[in-house]
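The sequence shown begins at 157 in the numbering used here and counts up by one. The beta-carbon is built from N, C-alpha and C at its ideal position, and this holds for glycine as well.
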Amino acid sequence: MWANGNTPFHCDDVNPFLQKFYEKLIGNKEDQKIFVPLCGKSVDMKWLLNNGHRVIGVEASPIPIVDFMKENDLEYITEVYAGGKVMKTKDGRCVIYNGDIFEFNRSVDGKAGNWLLHLWCIHSVRLKVVLMPSWIVAQLLQLELTQGRRPPYKLDADMLLPEIDGLFTLETLLEKDNRDPEIRQMVGSSDTRLITLCVFLLKHASTLKAGATLLTQGRKQQKIFVPLCGKSLDMKWLLDEGHTIVGVEYVPKAVMEFFKEQNIQYTVHEVPAISGTLYKSSDGRLRLYCCDFFTFNSEIESGFDAVWDRASFVAIPADRQIEYADIILSLMSPHARYLMESYEYLDNFVGQHCNIHKVFSDNDCNPILGKYCGHLKAVAKGITVHTHMMTLKLWIISRKKEQNSWKLRWESGVGRWHRIYVNPLLDKGHEVHGIELSNIAVESLLNEHKLSFTVEECTEIDGFVYKTMDDKCHLYCGDFFLFNRVNNVYDFIWDRASMQAIAPSRRSEYIDVMKSIMSPTGSYLLETQFYGNEEFKGPPYSTSRQNVLQLFGDWCHVNSLLVSTEEDPDVKDYCGHMFERTGSLELSFHLMHLK
């Protein structure tokens with residue numbers, strides 16, 4: 157590894173925790189003899205030398221030993237001992253043995269006064285620094301996964317205890333996880349390819365108190381989905397932030413260990429529909445399903461406000477990524493945010509995760525998610541964690557908003573659906589509220605009718621509300637699918653081809669909004685158009701009477717007031733531009749009352 161320059165474990169800075177616990181290790185003693193196994197060319201050794209101590213190291217490769225001496229301008233000599241070579245500074249205060257550490261013992265260098273045991277085990281989720289009083293300081297990075305293919309390997313305090321029991325006492329000096337800035341700073345220049353630190357989540361989702369964030373947009377009590385969750389500490393952190401967490405994991409052991417390690421009481425329920433098991437916290441805010449991910453569907457859980465995908469998508473083989481994406485998108489609410497971490501491996505490096513380079517690029521929306529989602533961009537674009545291995549990126553993904561295409565039509569003047577026929581509701585003394593996607597249309601209406609107005613921000617719909625000075629007309633401009641958050645209830649709804657502007661795939665969401673704002677004694681007048689020409693796909697989208705019954709029949713009495721054809725001159729006059737496009741048209745009006 158040293159010969160080919162593949163040494164991402166080397167850190168150019170003095171270990172901050174060595175400095176932090178220096179007094180605990182050394183006390184007030186001077187000129188201590190300190191042992192550093194597998195020392196490489198660690199700058200910690202030079203720092204200890206500068207503090208007046210003697211340093212003994214053992215390293216398998218001669219390359220970092222020579223580099224250490226040269227880079228720190230230390231004059232040295234080379235000698236031979238039974239296990240190999242030893243390089244010593246001329247003053248004898250730094251001695252580094254080049255050989256097999258398993259052949260190194262006290263017969264080689266005598267009895268050290270204090271031993272500094274520096275055990276680097278990256279791929280970490282939790283850091284522990286432990287002290288054996290007067291003897292050893294061991295820095296342990298507890299692994300989330302054990303790959304076993306190559307070092308660094310899994311090591312934590314529990315594994316060390318059997319080796320030291322009876323010889324040393326163990327005191328935990330510090331226990332922190334990867335959310336702590338000290339931890340992130342320390343491992344930042346290490347082999348981050350192997351580190352499972354959720355730095356992206358922490359950077360973009362841990363700032364809830366500071367306002368809107370990428371994942372939750374600053375909203376509280378969100379329902380968050382974590383696919384292939386394992387026993388990720390991210391879930392506990394998000395849970396502590398007040399959110400509801402739903403995860404899917406295949407291995408029962410990981411799920412049970414998560415509940416046990418986080419001291420969360422839970423119950424177990426069989427879920428035959430997915431041939432799996434639900435592990436549910438006592439308060440119901442944490443639900444982890446143990447099953448094959450590809451059996452999970454929106455009938456089990458849906459309506460998620462956010463998805464945190466940390467190395468889940470990239471763990472899916474390429475031939476199943478479309479299937480994976482379809483499941484994720486089916487679970488998302490219309491306004492959900494999907495935060496995804498991805499990998500791009502460099503120099504033909506083969507990683508443990510699937511290379512996502514061909515799935516996402518900075519210039520193209522990917523073919524898998526692009527047709528469903530907008531704002532497909534890398535918000536942490538081009539972050540290079542280790543240049544010769546890979547690039548880590550964070551993607552923020554949200555559904556394409558229905559209003560985007562309609563805004564463009566107003567802006568470009570393509571508004572042939574606008575009619576000059578007057579339905580003078582305001583003139584008849586009613587209070588009128590409306591919602592529109594484009595501010596151009598709203599302001600044109602108010603200005604053309606010479607209505608003075610004020611504009612206020614309306615956070616409920618991520619937009620604004622225009623109010624006439626007499627407060628009789630409120631025109632909301634924003635996301636229609638958030639309109640139920642305004643909490644208005646209406647006696648009468650006049651739907652003039654509004655539903656027809658909504659893609660059929662989202663009509664059920666549209667109906668849910670309408671249902672929530674309609675007074676129990678109110679009525680709903682709906683205009684629809686049905687096209688005989690199947691080649692015209694819309695918008696406006698063709699809507700038959702059968703479609704209306706399917707959408708409204710379960711909760712409304714539906715009375716079709718009028719069905720007209722293109723032979724009716726009034727219909728031709730009213731919908732002439734649609735005849736040009738469809739060649740055949742039926743116009744219907746449906747009056748509905750709640751059952």
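Excluding five sequence positions before and after Leu-747, the CB atoms of its chain that fall closer than 6 Å to its own CB belong to Leu-681, Asn-715 and Leu-717, given in chain order. Secondary structure of Leu-631 (DSSP, three-state): strand. Gln-706 sits exposed, since fewer than 16 C-beta atoms from the chains shown fall within 10 Å of its C-beta.
For Phe-224, the uninterrupted alpha helix (DSSP H) segment begins and ends at 218 to 227. Taken in chain order, the complete beta strand (DSSP E) segments of 3 residues or longer contained in the region 399 to 484 are 400 to 405, 422 to 427, 432 to 437, 442 to 446 and 460 to 466.
In this structure His-399 is buried. Its beta-carbon is surrounded by 16 or more other beta-carbon atoms within 10 angstroms. Assigned with DSSP and collapsed to three states, Ser-600 falls in helix. In the assembly as shown, Phe-648 is an exposed residue. Its beta-carbon has fewer than 16 other beta-carbons within 10 Å.
For Asn-644, there is no enclosing beta strand (DSSP E), as DSSP marks it with neither H nor E.
Note that the C-beta distance between Ser-489 and Ser-458 is below 9 Å.
For the pair of segments examined, the region 410 to 423 was found not to touch the region 466 to 481: the number of CB pairs separated by less than 8 Å stays below three.
Using a C-beta cut-off of 8 Å, the region 623 to 631 makes no contact with the region 652 to 664, since fewer than three inter-stretch Cβ pairs fall below that distance.
In the DSSP secondary-structure assignment, Asp-651 is bridged to Leu-682. Note that the C-beta distance between Val-427 and Ile-456 is below 9 Å.
A direct Cα-to-Cα measurement between His-491 and Asn-419 gives close to 33 Å. In terms of CA proximity to Ser-468, Leu-384 leads the group Gly-634, Leu-601, Leu-384 and Lys-244. In the three-state reduction of the DSSP assignment, Lys-606 falls in the coil class, being assigned neither a helical nor a strand state.
Where Asn-703 is concerned, the enclosing alpha helix (DSSP H) starts and stops at 701 to 708.
Around the Cβ of His-713, a 10 Å sphere holds fewer than 16 other Cβ atoms; the residue is exposed. Check the Cα spacing between Cys-633 and each of Thr-615, Trp-393, Glu-186 and Gly-619: the tightest is with Gly-619. For Met-243, the enclosing beta strand (DSSP E) has its first and last residue at 240 to 245. For the pair Cys-195 and Trp-464, the Cα-to-Cα distance works out to about 38 Å. Pairing Asn-254 with Glu-227 gives a Cβ-Cβ distance that is not under 9 Å. Taking 8 Å as the upper bound for CB-CB distance, Gln-656 and Tyr-687 are not in contact here, some 10 Å apart. Annotation for Arg-663: the continuous alpha helix (DSSP H) segment containing it runs 663 to 673. Under the three-state reduction of DSSP, Ile-617 is assigned to helix. Under a 10 Å Cβ-count criterion, Ile-430 is classified as buried, with 16 or more other Cβ atoms of the shown protein chains found around its own Cβ.
DSSP places Val-199 within a helical segment (H, G or I) once states are collapsed to three. His-586 counts as exposed, since fewer than 16 other beta carbons sit within 10 angstroms of its beta carbon. Using a 10 angstroms sphere on the CB of Gln-421, the tally of other CB atoms stays under 16, which defines it as exposed.
For Lys-379, the enclosing beta strand (DSSP E) has its first and last residue at 379 to 383.
For Ser-486, DSSP records no beta bridge to any residue.
Partner residues in the beta bridge of Val-192, as assigned by DSSP, are Gly-213. Spanning the alpha carbons of Lys-409 and Leu-444 requires a straight line of approximately 12 Å. Ile-483 places its beta carbon less than 9 Å from that of Phe-449.
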